[in-house]
Each structure stands twice: as structure tokens, then as C-alpha cells.
Amino acid sequence: MPYDDDEELPPPRPVRPVRLTKHHNSDAPLAANDQKVLLELHGVSAASRAPLDLVAVIDVSASMADKDRLNNTKEALSFITRKLTDLDRLCIVQFNHAATRLRYPLRRVTEAARADFEDVISGLQAGGGTNIEAGLDIGVNVIVGRKFTTGRAAGIIDEN
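Heads up, the sequence shown is in the UniProt record's numbering, so the first residue is 1 and it goes up one at a time.
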């Protein structure tokens, strides 16, 4: 089933190119010798990188209750959510014996949305069997079904 209910995108921001600067001795002899070269890579800030559509596919099967696995996954997902900007979009899919897209479509990570995502993340509970295929199937369908894709990077992550 395709998911084509992704949230509309904000207007694009201009993207600056990456610049490489090299510092070397231009008077080097032709014979074999050792030289020191310094390369400086001037990249773009997170604010000017390509916006990201990210689907997090999270295992909530009973095995995730062992050794704080689910708590570690929640902490990692919260960290990722804090690092995303309002140009990025996130969708959370959970799976155990079955898979579901949680609460929101592919949604922009605004301050208000970030709080909503934190509620979803804190509510994840372990139980049931493991059907990663169902989780990945929904994750792929979220990415494939997007209406707004121009100039966007897309990715699917899981906790493994």
C-alpha cells in the first residue's frame, strides 16, 4: 500500500557548493622527496544541506526488552530527532509480529512536531514476535509513495 500523504515541503533554501583548498610547496624539486600538503574542505552547514526524508523502522518485539535494547533505541531515535531540522521530514514505523506507521505521515520536524515525535518514541513498548519484513515494507512504501521529492535525500534506518 503506497503512502502518499507526506507533508508539503517549505520553499527551498539555496545550497552552497563544497570547496576544497590545497596548501602545498609549489617549488618542489622533481626528484623523489617528502612533502607536506594540507587540504581544507569547506562544507555546507546542516542548514544548507539537502533536506532529508527519513523513515525509522523500529523493532518493538519482545526481544527488545532484553538488556535495555529498546531504551537504547529510544535514546538513539530521540538524538536523531533533535539533530533533524525543519527542512527534514520523519516517519516512525514500528514492527513486532505486525508493522504500523505510528501516528504521523512523513512529517516535517518542526519544534512542535519534535515534541510529538518524542511522545511517540517514549510510548514504544516491547512485545510480540519479530517481522522485520513487514516493517521494511511499510518503510519502503513511505519513501516510494512520497508526493514531494524534488531536491530531497531519502533514507530508511533500523536499530540493527
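Quick reminder that beta carbons are idealized off the backbone N, C-alpha and C, glycines included.
8 Å contact criterion, which valine 60 and phenylalanine 117 should meet: CB distance rounded: Wrong, their Cβ atoms sit about 16 Å apart, outside the cutoff.
- prompt: Which residue spans inside the UniProt domain "VWFA" (53-160) form an unbroken beta strand (DSSP E) run of at least 3?
  reply: Runs of the beta strand (DSSP E) inside the UniProt domain "VWFA" (53-160): 89-95, 99-101 and 153-158.
message: Let's test the definition: count the other Cβ atoms within 10 Å of the Cβ of proline 51 and tell me whether it reaches 16, buried, or not, exposed.
response: Under the 10 Å beta carbon count, proline 51 is surrounded by 16 or more other beta carbons and is classified as buried.
- request: Look at the alpha carbon of alanine 126 and the alpha carbon of valine 37, and state the distance between them as a whole number of angstroms.
  value: Taking the CA atoms as reference points, alanine 126 sits about 53 Å from valine 37.
Presumed contact (8 Å Cβ cut-off) between leucine 124 and isoleucine 58, rounded CB distance: With a Cβ gap of about 6 Å, leucine 124 and isoleucine 58 count as contacting.
query: Terminal residues of the continuous beta strand (DSSP E) containing lysine 22?
result: Element bounds for lysine 22: 19-23.
query: Going by beta carbon distance, what residues of the same chain come within less than 8 Å of alanine 76, once the five residues before and after it are set aside?
result: Within the same chain, Cβ atoms closer than 8 Å to the Cβ of alanine 76 are found at Glu159, the five residues on either side in sequence being excluded.
query: Buried or exposed: which applies to aspartate 6, given that a residue is buried once 16 or more other Cβ atoms fall within 10 Å of its Cβ?
result: With 16 or more other Cβ atoms inside 10 Å of its own Cβ, aspartate 6 counts as buried.
message: Our contact map puts leucine 90 next to alanine 112 with C-beta atoms below 8 Å; I'd like the distance itself, whole angstroms only.
response: Contact annotation, leucine 90 with alanine 112: C-beta distance approximately 13 Å; criterion of less than 8 Å not satisfied.
Inter-residue spacing [alpha-carbon to alpha-carbon] between isoleucine 156 and threonine 21: Isoleucine 156 and threonine 21: Cα-Cα distance of roughly 34 Å.
message: Nearest by alpha-carbon distance to glutamate 133: which of Val144, Thr100 and Asp34 is it?
response: If we check each option's Cα against that of glutamate 133, Thr100 comes out closest.
message: Quick check: leucine 9 and leucine 87, are their CB atoms within less than 9 Å of each other?
response: Yes, these two residues count as a Cβ contact at 9 Å.
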